[in-house]
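Chains as they are written, first to last, in our numbering: chain H, 1 to 451; chain R, 1 to 451. To keep things clear, I will list the structure first and then write my remarks on it.
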């Protein structure tokens with residue numbers, strides 16, 4: 001079976017994606033918001049799909065007392081419905097394979113990236129847009145309990161989405177299933193290998209893969225001897241009970257932060273939000289910071305021609321997401337940050353050590369803790385370093401540098417109050433429940449390579 | 001030390017509460033909303049404290065597609081800040097005791113009930129109302145990690161409060177601490193014994209006590225032989241790995257429900273909500289169903305005289321909260337219901353088997369599943385049966401019948417789609433994370449007696 005990953009190298013998968021990239025033409029043309037088919041510009045300049053479903057761009061006012069009383073207004077993507085991010089899995093010769101799709105998304109820097117088997121909003125699969133039913137949808141809707149390897153509600157970017165979540169699923173099938181064009185079976189090892197490259201595996205895949213408790217799933221099958229030192233260290237960190245803090249202590253720390261600080265988010269008319277300007281074809285800050293909202297017409301010339309309009313969010317700066325890891329008492333710990341973002345459902349989520357914009361934004365002002373440490377890390381400290389894209393269905397050319405950096409011996413164990421050392425096992429435990437580990441942290445956890 | 005529970009019987013604690021009840025005079029006088037000192041009636045008839053903090057009564061529109069598309073409007077209590085419900089614990093002669101307060105609340109049917117050491121909203125302890133600082137507050141604010149036995153964010157009634165939560169804490173002290181008037185040390189066993197009586201232990205105590213993982217905390221110290229059959233069964237149910245469903249399966253079931261159904265809550269002007277009427281001194285449905293909002297002046301004549309005004313919510317029907325339990329494969333399972341309530345932070349929470357109004361409300365219409373089974377249970381099936389009050393600081397004379405009923409042999413194992421069998425261990429596991437087990441379920445779990 002030529003589409004099974006075991007029989008094809010990582011390079012051949014990568015070149016398959018590159019070929020698809022060359023074959024397809026994706027045009028993203030900026031147009032005024034009022035020219036977007038099937039979209040409406042409301043009296044307050046907010047944007048909504050004419051079905052009333054799908055997503056909308058609205059204005060919010062955010063008030064919080066963290067770290068000190070502050071208030072701001074911004075546009076946000078409101079998509080209250082929960083979509084599927086689903087991966088089908090099947091064993092070939094005793095090895096689990098995942099059915100991945102080479103998927104075009106208008107916001108991708110490189111058009112095609114590796115995506116889950118199914119990526120469908122409720123509006124998609126109830127066919128609000130019209131169009132065909134999503135391929136493989138029924139395998140997820142009709143999955144039996146014993147087929148389900150993973151089934152989690154997980155958050156998206158809290159600075160851009162208002163409390164949005166997806167249902168991340170991995171469903172195992174035994175029967176032969178059709179492999180449509182643009183789909184291929186591949187192993188977890190191959191997917192993780194592809195994550196070492198820039199912009200090859202999309203965010204939707206990374207957030208699902210992150211939920212796999214690798215130590216639980218595979219440690220008995222995997223020959224530890226075949227692993228890298230770091231890989232063995234990760235298995236130990238996933239299985240240990242010797243974290244510097246117990247799970248109870250970490251929960252208490254998070255409870256204390258959520259109790260101490262308020263996050264109040266109210267909708268306000270988009271055309272009245274402070275610091276922002278609603279133009280005919282963009283919604284942008286006067287100082288051009290953070291991001292802007294564009295109206296686009298997408299034109300894809302593939303095997304068939306498709307065209308549609310939608311808003312996209314474009315970042316105005318590059319960003320970095322980085323975990324610092326350190327062996328404490330022989331066990332790897334992740335330096336986790338409790339981060340308040342306006343779209344969070346529960347005030348704080350656990351984020352990477354560093355998650356911030358880079359470039360000129362800090363112009364003189366001090367950068368967030370550990371940012372300089374990560375950016376100045378020596379080569380021998382860098383475990384992982386790749387550019388990764390945010391979801392190309394909402395974000396235009398947004399890529400962030402993803403890094404895992406090993407702290408040097410002198411790195412202080414004492415942390416600021418909103419930072420915590422956690423084992424991989426503790427992160428995995430929080431991952432099972434919703435709204436604890438944010439999407440940027442999950443993207444990094446997904447990238448952990450064991451071999 | 002005469003205030004230590006070990007030295008005083010349950011009866012003496014009960015008579016201490018009764019004495020306090022006789023000594024105190026609590027007058028709750030209905031007054032027009034506009035006559036409430038320190039409260040403002042807004043242009044849309046919503047009610048807010050003049051500080052802008054504390055709580056408010058507002059109007060909401062609720063839209064959901066569960067179980068079928070439906071929409072309604074209602075008043076709701078909005079209290080976005082997180083308060084403390086804290087109990088101090090200390091060992092006397094090797095036995096853990098809890099410092100409990102005989103506390104007056106205006107809505108209590110019997111004025112005084114047993115409450116946590118500390119019961120304080122953020123407005124209380126930042127002294128928005130003026131007044132003294134809450135007793136024992138500093139023990140909770142300054143608790144060190146190793147003193148914290150329990151620290152959880154837990155929800156309140158989802159049908160009455162908009163996403164309200166409290167921080168439930170148990171903090172252990174070693175030093176001698178002052179025991180103020182109206183406070184006494186007592187054991188967990190004594191508190192649970194008092195919960196077998198009607199309206200003796202308040203809801204705030206019950207929700208904190210529910211979080212104690214009894215099997216984890218005490219099974220090594222406790223002589224299993226001293227326990228009742230039911231008590232031993234509960235320990236087994238807390239420790240077993242042999243649930244009819246795994247935790248992964250239960251989480252997947254809940255994920256599936258949260259994904260399938262939407263809950264959209266918007267604020268609307270209170271004086272425009274459908275089916276409700278804003279009068280000068282009450283907000284009430286035309287058909288008098290469910291509940292009404294009253295304005296009251298509270299006058300307490302105790303050692304000192306105190307008086308204040310506030311809104312209170314009065315139920316228009318009585319209610320019942322009941323768990324059915326059943327031994328399956330030799331292990332007790334709880335029949336848990338996933339329940340959607342408008343104030344839930346996360347669409348569904350896990351509720352008792354039966355949680356509904358009783359009385360004339362179903363007038364002919366079929367009652368929710370299992371309601372008749374519980375109400376017609378034979379005496380030998382009833383493990384627990386007591387009237388318990390909702391929080392007397394917000395609710396006026398609201399008491400619900402709390403029951404635990406053992407299913408008979410013929411009880412069907414097959415359940416409707418929103419019901420699930422869960423072990424006590426699984427319930428305890430969910431309890432550690434926020435917004436999974438609702439307050440009515442927690443009230444019943446707190447009442448489990450082991451001896």
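Think of the CB as a built atom: it goes at the ideal place given N, C-alpha and C, for glycine as much as any other residue. It should be emphasised that the depicted structure is a prediction, and the values quoted were computed from it without experimental measurement.
Counting only C-beta atoms, is residue i closer than 8 Å to chain R at any point?
i: residue 138 of chain H; result: no
i: residue 258 of chain H; result: yes
i: residue 445 of chain H; result: no
i: residue 262 of chain H; result: yes
i: residue 18 of chain H; result: no
i: residue 145 of chain H; result: yes
i: residue 255 of chain H; result: yes
i: residue 30 of chain H; result: no
i: residue 345 of chain H; result: yes
Taking only beta-carbon positions, decide if residue i is within less than 8 Å of chain H.
i: residue 80 of chain R; result: yes
i: residue 152 of chain R; result: yes
i: residue 341 of chain R; result: no
i: residue 213 of chain R; result: no
i: residue 63 of chain R; result: no
i: residue 117 of chain R; result: no
i: residue 207 of chain R; result: no
i: residue 155 of chain R; result: no
i: residue 148 of chain R; result: yes
i: residue 11 of chain R; result: no
To the nearest whole angstrom, what separates the beta carbons of residue i and residue j, a pair I think is in contact under 8 Å?
i: residue 318 of chain R; j: residue 353 of chain R; result: Residue 318 of chain R to residue 353 of chain R, Cβ: 18 Å. No contact.
i: residue 125 of chain R; j: residue 135 of chain R; result: That belief does not hold up - the Cβ atoms of residue 125 of chain R and residue 135 of chain R are roughly 11 Å apart, past 8 Å.
i: residue 81 of chain H; j: residue 53 of chain H; result: 7 Å
i: residue 257 of chain H; j: residue 338 of chain H; result: 5 Å
i: residue 231 of chain H; j: residue 426 of chain H; result: That pair is no contact at about 19 Å.
i: residue 293 of chain H; j: residue 57 of chain H; result: 6 Å
Near-chain R residues of the segment 426-442 of chain H - C-beta to any C-beta below 9 Å:
Taking 9 Å as the Cβ-Cβ cut-off against chain R, the residues of the segment 426-442 of chain H that qualify are 430, 432, 433, 434, 435, 436.
With 7 Å as the C-beta to C-beta threshold (strictly closer), list the residues of the segment 40-60 of chain R near chain H in chain order.
none
Select from the segment 221-252 of chain H all residues with a C-beta closer than 7 Å to any C-beta belonging to chain R, and list them in chain order.
249, 251, 252
Length at least 4, wholly inside the segment 402-432 of chain H: the alpha helix (DSSP H) runs in chain order
424-431
Okay, do the segment 367-378 of chain R and the segment 312-326 of chain R touch, 3+ Cβ pairs below 8 Å being the bar?
Two segments are said to touch when three or more pairs of C-beta atoms, one from each, lie closer than 8 Å; by this definition the segment 367-378 of chain R touches the segment 312-326 of chain R.
I'd like to know if the segment 393-400 of chain H and the segment 336-348 of chain H are in contact, where contact means that at least 3 CB-CB pairs between them fall below 8 Å.
no
Ranges of the beta strand (DSSP E) found wholly within the segment 22-55 of chain H, counting only runs of at least 3:
25-30, 39-41, 47-49
Looking at C-beta atoms only, is the number of pairs between the segment 61-77 of chain H and the segment 259-267 of chain H that lie closer than 8 Å three or more?
The answer is yes - the segment 259-267 of chain H touches the segment 61-77 of chain H, with three or more Cβ pairs under 8 Å.
Short of 8 Å Cβ to Cβ, which residues in the segment 160-174 of chain R face chain H?
Cβ contacts with chain H come from 167.
Please identify, using Cβ separations under 8 Å, the residues of the segment 371-405 of chain R that lie next to chain H, in order along the chain.
If the cut-off is 8 Å between Cβ atoms, the segment 371-405 of chain R has nothing near chain H.
Would the segment 203-217 of chain H and the segment 158-169 of chain H be scored as touching if the rule is three or more Cβ pairs under 8 Å?
yes
State whether the segment 224-235 of chain R contacts the segment 42-53 of chain R, with contact taken as three or more CB pairs (one from each stretch) at a distance under 8 Å.
They do not touch, by the three-pair rule.
Segments of 3+ residues assigned as beta strand (DSSP E) that fall wholly inside the segment 265-335 of chain R
The qualifying runs are 276-278, 282-285, 291-301, 305-315, 319-328.
Residues of the segment 272-291 of chain H with Cβ closer than 8 Å to any Cβ of chain R, in chain order
none
If you scan the segment 139-177 of chain R from start to end, which runs of the beta strand (DSSP E) of 3 or more residues do you find wholly inside it?
148-155, 165-172
Complete beta strand (DSSP E) runs within the segment 351-396 of chain H (minimum length 3 residues, chain order)
Here the runs fully enclosed are 354-357, 382-389.
So, does the segment 434-451 of chain H touch the segment 439-449 of chain R, judging by three or more C-beta pairs under 8 Å?
no
Three or more C-beta pairs under 8 Å: does that hold for the segment 86-104 of chain R against the segment 172-184 of chain R?
yes
Can at least three beta-carbon pairs, one atom from the segment 143-151 of chain H and one from the segment 194-204 of chain H, be found at a separation below 8 Å?
no
Meets three-Cβ-pair contact criterion under 8 Å: the segment 275-290 of chain H and the segment 6-22 of chain R:
Counting Cβ pairs under 8 Å, fewer than three are found: no touch.
Would the segment 429-438 of chain R count as touching the segment 103-120 of chain R if we require 3 or more Cβ pairs under 8 Å?
Under the Cβ criterion (8 Å, minimum of three pairs), the segment 429-438 of chain R does not count as touching the segment 103-120 of chain R.
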